[in-house]
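Presented below is the structure to which this report refers.
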Ligand code: NIG
Ligand code: FE
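In the numbering used here, the protein residues as written are 16 to 423.
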């Protein structure tokens, strides 16, 4: 074997090649005194070290620490120009997220700053952000466009994302989000913008192979469920798998729309209805929940327990973006998922590994520590799983392995 992780105090991992739902979400494998053998970037051995004579060219002593799969952040907006710290004062003065957007700020402020940035600038900034994510345990990150809102602007963001995928140690999975807002130049003709997304952007993204998924912001004052369904239908015709930001602020039937539109995942879901949650369970839509966004917007929290008991697989992600979630450390939403959603540490571990991987169609490759999977792992400065949901507020990652290489 090329690499051996030995003296693992506790190995914690979900198992399987698809999302885990219901009681299975909290049913993880725990192995004390474990070892992981790695060969050609893949896991060749995982299990108890007791009585085993394991040999490798390179041996890492984990010092009795906790080891989990590499963390999968299945929802980020990590390619953008500028920041939005100036919104803080407006928020504190009582303006809502949608009020700021309606006045031409919020997402539209980042659109201006992203349009002004070159592809190289977006790439270089993205590399720094990915390095920081990696240091907090993220080995795979989804990455949405949505701050260009023009054909060239969206393609520029996705081309930067493609370069990030080629150069970063973090595996980057791009998503097209042209329907993130109506840009100012189409303010009085939303139909024309929707046609631009469907007739020009989606075919161009497909032609360059720039994204695997198409997302949309289905929300009051943004895109209606009917418009969302239409755009996602066009995306599907062009081979892009649908995803949707739904029911974040107002309950407008977004979860129901996501189920009807064949979405692989639905995001936010703070206001999702019972019928919407049932529809998601029936259509195997994964819930990508974003508790750090609830925290940042000072809103209520999605009903994660109801989702799990209804049979919806739950993933937890950062939603890292310059507005509603400027935090890229996935350990923070992990902690909030425990504290606010009342998920168990085991359920949250599945949410940020195997279920996150399933939300970006990668659960056969990553998301668990099992023979044959890509060797992505985190060595934690923690003796057990409970500890990382208790010592919140500081980075508890000791070391990160991606594709069998020690990269942090
Ligand atoms: O998921 N809600 C829509 N989109 C992002 C926020 C984008 C922004 O504010 O820049 C989200 O929260
Ligand atoms: Fe988002």
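For each residue, glycine too, the CB sits at the ideal point set by N, CA and C.
Integer Cβ distance of residue i from residue j, believed to fall under 8 Å
| i | j | result |
| --- | --- | --- |
| residue 4 | residue 175 | Residue 4 is absent from the model: the chain starts at 16 and stops at 423. |
| residue 341 | residue 81 | Rounded, the Cβ-Cβ distance is 28 Å, inconsistent with contact. |
| residue 227 | residue 255 | 7 Å |
| residue 334 | residue 294 | Going by Cβ atoms, the distance from residue 334 to residue 294 rounds to 22 Å, so no, they are not a contact pair. |
| residue 132 | residue 280 | Residue 132 to residue 280, Cβ: 28 Å. No contact. |
| residue 278 | residue 303 | Incorrect: roughly 10 Å between the Cβ atoms, too far for contact. |
| residue 24 | residue 337 | Not quite, the Cβ-Cβ distance comes to about 38 Å (not below 8 Å), so this is no contact. |
| residue 57 | residue 346 | Rounded, the Cβ-Cβ distance is 26 Å, inconsistent with contact. |
| residue 386 | residue 188 | Not really, about 24 Å apart at Cβ, beyond 8 Å. |
| residue 73 | residue 143 | Residue 73 to residue 143, Cβ: 29 Å. No contact. |
| residue 359 | residue 29 | Actually they do not touch by this definition, with Cβ atoms about 12 Å apart. |
| residue 236 | residue 312 | At roughly 15 Å, the Cβ-Cβ gap does not stay under 8 Å, so residue 236 and residue 312 are not in contact. |
Which of helix, strand or coil DSSP assigns to residue i
| i | result |
| --- | --- |
| residue 327 | coil |
| residue 390 | coil |
| residue 367 | coil |
| residue 291 | helix |
| residue 264 | coil |
| residue 441 | With the chain represented from 16 up to 423, any question about residue 441 goes unanswered, as that position is not in the structure. |
| residue 76 | strand |
| residue 274 | helix |
| residue 332 | coil |
| residue 30 | coil |
| residue 95 | coil |
| residue 115 | helix |
| residue 359 | coil |
| residue 192 | strand |
| residue 317 | coil |
| residue 45 | strand |
| residue 259 | strand |
| residue 197 | coil |
| residue 35 | coil |
| residue 163 | coil |
| residue 410 | coil |
| residue 215 | helix |
| residue 346 | helix |
| residue 404 | coil |
| residue 375 | coil |
| residue 146 | helix |
| residue 132 | coil |
| residue 122 | helix |
| residue 381 | coil |
| residue 169 | helix |
| residue 69 | coil |
| residue 181 | helix |
| residue 206 | helix |
| residue 109 | coil |
| residue 221 | helix |
| residue 101 | coil |
Bridge partner(s) assigned by DSSP for residue i
| i | result |
| --- | --- |
| residue 155 | 87 and 186 |
| residue 52 | 19 and 60 |
| residue 303 | 282 and 330 |
| residue 457 | With the chain represented from 16 up to 423, any question about residue 457 goes unanswered, as that position is not in the structure. |
| residue 426 | The displayed coordinates of the chain run from 16 to 423. Any statement about residue 426 would go beyond what the structure contains. |
| residue 416 | 392 and 421 |
Distance cut-off 8 Å: residue i Cβ against heavy atoms of the ligand COA
| i | result |
| --- | --- |
| residue 99 | Ligands displayed in this structure: the ligand NIG and the ligand FE; the ligand COA is not among them. |
### Query
Do the region 247 to 260 and the region 345 to 362 make contact, defined as three or more Cβ pairs closer than 8 Å?
no
### Query
Does the pairing of the region 388 to 408 with the region 77 to 94 give three or more beta-carbon distances under 8 Å?
yes
### Task
Taking 8 Å as the threshold, find out whether the region 318 to 335 comes into contact with the region 22 to 40 through three or more Cβ pairs.
yes
#### Entry: Unbroken stretches of the alpha helix (DSSP H), 4 residues or longer, contained in the region 225 to 256
240 to 252
### Query
If we count Cβ pairs, one from each stretch, closer than 8 Å, do we get three or more for the region 186 to 198 versus the region 158 to 171?
yes
#### Entry: Cβ contact (3+ pairs, closer than 8 Å) linking the region 412 to 421 and the region 309 to 320
no
#### Entry: Cβ pair count under 8 Å reaching 3, the region 202 to 219 against the region 128 to 137
no
### Query
Using 8 Å as the threshold, is the region 166 to 183 in touch with the region 208 to 218, meaning 3 or more CB pairs across them?
yes
### Query
Three or more C-beta pairs closer than 8 Å, one from the region 177 to 186 and one from the region 148 to 156: is that the case here?
yes
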